[in-house]
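Participant:
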Amino acid sequence: MRSDPIADMLTRIRNASRAEHEKVDIPASRLKVRVADILKNEGFIRNYRVLEDPTQSTLRVYLKYGSNNEQMIAGLVRVSTPGRRIYVTHDKIPTILAGMGVTIVSTSRGLLTDREARKQKVGGEVLAYVW
């Protein structure tokens, strides 16, 4: 059995959002912090913090809801998995809901959104779709 830490992170966020939790704790890594940063910049989460610990740091993600308590994250899908990697060139990066959603792409320049990757003309591994 292989572990997929990004899929675990996305599943925890999806489940906490559906259960209308205020926050969710996730084991931290630099990649997960960057994913949380993208989600914050795109307006899907309110904020995040890294809680330092000598053994394993924790990433605390504060979820965001609308005025009538509607979820800001309608969908969160892991695309590329450890068993099946999905790579695209910059001109083939998918657009989610005509630009309303975000594709998170792992490139040679770090994690980027679909818009940033097209602008910088770099392709890479498609990690997730968020809408």
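Numbering (the working numbering), first residue to last: 25 to 155. All C-beta atoms, glycine included, are put in the ideal place defined by N, C-alpha and C.
1) Which same chain residues, not among the five before or five after Asn93, have their C-beta less than 6 Å away from its C-beta?
2) Looking only at DSSP bridge pairs, what is Pro51 linked to?
3) Counting only the same chain and skipping the five closest in sequence on each side, list residues whose C-beta sits under 6 Å from that of Gly99.
4) Could you please give me the residues that DSSP links to Thr127 through a beta bridge?
5) Would Glu46 and Tyr72 qualify as a contact pair, given that the criterion is a beta-carbon distance under 8 Å?
Facilitator: For this structure:
1) Non-local beta-carbon contacts of Asn93 in its own chain, meaning distances under 6 Å to residues more than five positions away in sequence, are absent.
2) For Pro51, which the question treats as bridged, DSSP gives the partners Thr82.
3) Here the set comprises Trp155.
4) According to DSSP, Thr127 bridges with Tyr153.
5) No; because the gap between Cβ atoms is not below 8 Å, this pair is not in contact.
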